[in-house]
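Visitor: If you count the sequence shown from 1, position 143 lands on 143 in UniProt numbering, and the numbers rise without skipping.
Beta carbons are placed, not taken as given, at the ideal position from N, Cα and C, and that holds for glycine.
Nothing here was measured: the structure is a model prediction, and the numbers come from that model.
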Amino acid sequence: MKALIIDCLATVDGKKLLTRDVIGAGPRTVKGILKSEGIDAKIVPLEYFKVDDVKDYDLFFISGMTVDFKSVKNLVDKINENRDENQKIIIGGPIANDLYLLEKIEGDISIVGEGEITIRELIKKDFNAENVEGTTYYDYDKEELKINPLREIVKNMKLITPSTEIEDYPNYFSARVYVEVVRGCSNFKRALLLCDNKICNLCENGTIRCPLNINPGCGFCSVPSTFGYARSRDLEDILSEIEDLFKRGVKRVVLSAPDFLDYQREDDILINPKEPHPNYEAIEELLSNIYDLKIKYNANVSIENVKANLFDEKVAKIISKYLPNTPIYIGCETGDEMHSKLLGRPSLPEDVLKAVKIAKKYNLRPQVYFIYGLPGQNLESAINTINFMEKIKNYIDKITVYKFKPLPMSAFENSKPTMDKSSIMIKEKAREINKYIKKRYLGKKVEVIISERHFKNKKDAVGYMVSGGPMVVVKNGAEYIGKTVKVKIIKTYEKFVEGIILKD
């Protein structure tokens, strides 16, 4: 039996544009499961998929996010035109949190949430999804969608066995390859915007049960509902995966987690985003071992997300010791304190301000996330948000701003974006500050991995800074694809910078 895993993550309308250098953990995890069960599997990024290859595979696993609906639907339509009834289409990833997805996209099975146990059970049942928890499937005899009960979260983290055969991705040598460190989130507070019980205080420090059945976590996020509370992978499993990726030529690894500071913070069920404090000893043990690997293989490692309320001087000192000058990513979402509380955020804007100041002190490079169009947003909260952006701009490396999109299985899944003057204000302020920040790169000399030819000017190339930063358009760099070169930045733009290669 042969399986093709098609990576549609962040392809939106059909082609990856802004995050071309990202290789997520999901498809590699699926490949690892399949190979452990004796199924020959290969990953292909969507833009490299060829319809002529459909005849060569028995199974098609498609991984996508909610925003990738259009590209996933178009892909499934193409496969359906060229497959026979014995070939199966299985859709997974965040897009499958929509339990009615198969009424909109003509696949056979969707996998809701984690796949480690579900996929193995499907294999044993020859991909008959009847009574398989964590799936929906289309019953062709009755011509109706069947929705099975959700599956309990994976508690045995040894079941996470990602493939390290990274060569499936043509750009693996320049990409940021995500390695899962923590799964799930410790924020089991609730979005108070949806709460009309003024007496209840159950979720102040996190709670499994909500009397109003409000989904846990920040109102806009589906991670706690989908992946449950935070659980950490074992040290040796993380190190083994990273070293194998380095041996295969990967030069940039990202330690992936909804919050890296949840790593080994759990004694039991971790649903309090504030207590206990980070496990400093475990974090130092992990990073010190990773430091040895990155020196040995001349590679770079960075951290994905941290909660501002857990980020203190002690943890900043540890991170800066082993990952000096690394980017770190901090969610803020709104600069308005009351709005933050209504969203169910684990940390307030004042926590973010404190965190970016600490990060700057230890020569770390924080990037801060905001969302415009959120439920509860108004002119006052927008003004407070843009004023807060001004407060932090001299301490940060970038602002990333997203448009709110209601996600299935999140508390705000039935809400609509607020697209008015207040949203435009937030979006424009982020653009203004990012232009301001990028000017700091003018004249800098940086190490850049040349990844691919420029889309328009074939003599130029697109590359990525080894230590992290904006995408770099390298003039006359096409002949250096696959190499690391020294580049001087000569121009800056909102979303990228431009540079020239410095000759020895």
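Can you tell me the Cβ-Cβ gap for Tyr-369 and Tyr-329, rounded? I've got them flagged as a contact below 8 Å.
Guide: Yes, Tyr-369 and Tyr-329 are in contact; Cβ-Cβ is about 7 Å, under 8 Å.
Visitor: Quick one: is the Cβ of Gly-115 within less than 7 Å of any heavy atom of the ligand GTP?
Guide: Only the bare structure without any ligand can be found here, which leaves the ligand GTP out of the picture.
Visitor: I'd like the ranges of any alpha helix (DSSP H) spanning at least 4 consecutive residues and lying wholly in the region 185-260.
Guide: With a minimum length of 4 residues, the continuous alpha helix (DSSP H) runs that stay inside the region 185-260 are 223-227, 235-247.
Visitor: If you reduce the DSSP assignment to three classes, tell me which class residue 561 lands in.
Guide: Nothing in the structure corresponds to residue 561, since the chain is present only between 1 and 504.
Visitor: Is the region 334-354 touching the region 365-384 in the sense that three or more CB pairs, one from each, lie closer than 8 Å?
Guide: Verdict: yes, contact present.
Visitor: Taking DSSP as the reference, what is the three-state secondary structure of Met-338?
Guide: Helix, per DSSP.
Visitor: Which residue comes first and which comes last in the alpha helix (DSSP H) that contains Tyr-137?
Guide: Tyr-137 -> not in any alpha helix (DSSP H); beta strand (DSSP E) instead, spanning 135-139.
Visitor: Threshold first: 4 residues or longer. Then list the alpha helix (DSSP H) segments lying entirely within the region 354-436, N to C.
Guide: For the region 354-436, whole alpha helix (DSSP H) runs of length 4 or above, ordered along the chain, are 379-392.
Visitor: Check the DSSP bridge columns for Gly-463 and list the partner residues they point to.
Guide: Partner(s): Ile-450, Val-472.
Visitor: Does DSSP put Gly-107 in a helix, a strand or coil?
Guide: If DSSP states are grouped into helix, strand and coil, Gly-107 belongs with coil.
Visitor: Where does Arg-265 fall in DSSP's three states?
Guide: Looking at Arg-265 - three-state DSSP - the assignment turns out to be coil, as it is neither helix nor strand.
Visitor: On the CB-based measure, 16 or more other CB atoms within 10 Å of its CB, does Glu-266 come out buried or exposed?
Guide: Per the 10 Å Cβ criterion, buried.
Visitor: So, with DSSP's three-state summary, where would you put Val-54?
Guide: Note: Val-54 maps to helix in three-state DSSP.
Visitor: Tyr-263: buried (16+ other C-beta within 10 angstroms of its C-beta) or exposed?
Guide: It is buried - the Cβ of Tyr-263 has at least 16 other Cβ atoms within 10 Å.
Visitor: Is DSSP giving Ser-174 helix, strand or coil here?
Guide: Three-state DSSP puts Ser-174 in coil, outside helix and strand.
Visitor: Within 10 angstroms of its Cβ, does His-277 collect 16 or more other Cβ (buried), or is it exposed?
Guide: With fewer than 16 other Cβ atoms within 10 Å, it is exposed.
Visitor: Would you mind sorting Phe-61 into buried or exposed? The rule is 16 or more other CB atoms within 10 Å of its CB.
Guide: Flag for Phe-61 reads buried.
Visitor: Report the option in Ser-467, Val-466, Val-487, Ser-347 whose CA atom is closest to the CA atom of Val-473.
Guide: Taking only the C-alpha atoms, the option nearest Val-473 is Val-487.
Visitor: Pop quiz: Ile-437 and Lys-398 are said to be a contact at Cβ under 8 Å. What is the actual Cβ separation, rounded to whole angstroms?
Guide: That belief holds up - the Cβ atoms of Ile-437 and Lys-398 are roughly 6 Å apart, short of 8 Å.
Visitor: Does DSSP classify Ile-43 as helix, strand or coil?
Guide: Residue state, collapsed to three classes: strand.
Visitor: Between the C-alpha atoms of Lys-314 and Ala-3, what's the straight-line distance to the nearest angstrom?
Guide: If I take the Cα positions, the gap works out to 46 Å.
Visitor: Classify Thr-226: buried if its beta carbon has 16 or more other beta carbons within 10 angstroms, exposed otherwise.
Guide: Answer is buried; the Cβ neighbour count reaches 16.
Visitor: With 16 as the cutoff for other CB atoms within 10 Å, does Leu-17 come out buried or exposed?
Guide: That one is exposed.
Visitor: Where Met-419 and Phe-404 are concerned, what is the direct C-alpha to C-alpha distance, given to the nearest angstrom?
Guide: Taking the straight line joining both Cα atoms gives about 9 Å.
Visitor: Give me the DSSP bridge partner(s) of Gly-499.
Guide: Note: Gly-499 sits in a beta bridge opposite Val-474, Ile-489.
Visitor: Quick check on the DSSP output: the alpha helix (DSSP H) that includes Pro-327 runs from which residue to which?
Guide: That residue, Pro-327, is in no alpha helix (DSSP H); its beta strand (DSSP E) goes 327-333.
Visitor: Decide if the region 232-251 is in contact with the region 296-307; the criterion is three or more beta carbon pairs, one per stretch, under 8 Å apart.
Guide: Contact between the region 232-251 and the region 296-307 is present, because at least three Cβ pairs lie under 8 Å.
Visitor: With DSSP collapsed to three states, give me the class of Thr-118.
Guide: If DSSP states are grouped into helix, strand and coil, Thr-118 belongs with the helices.
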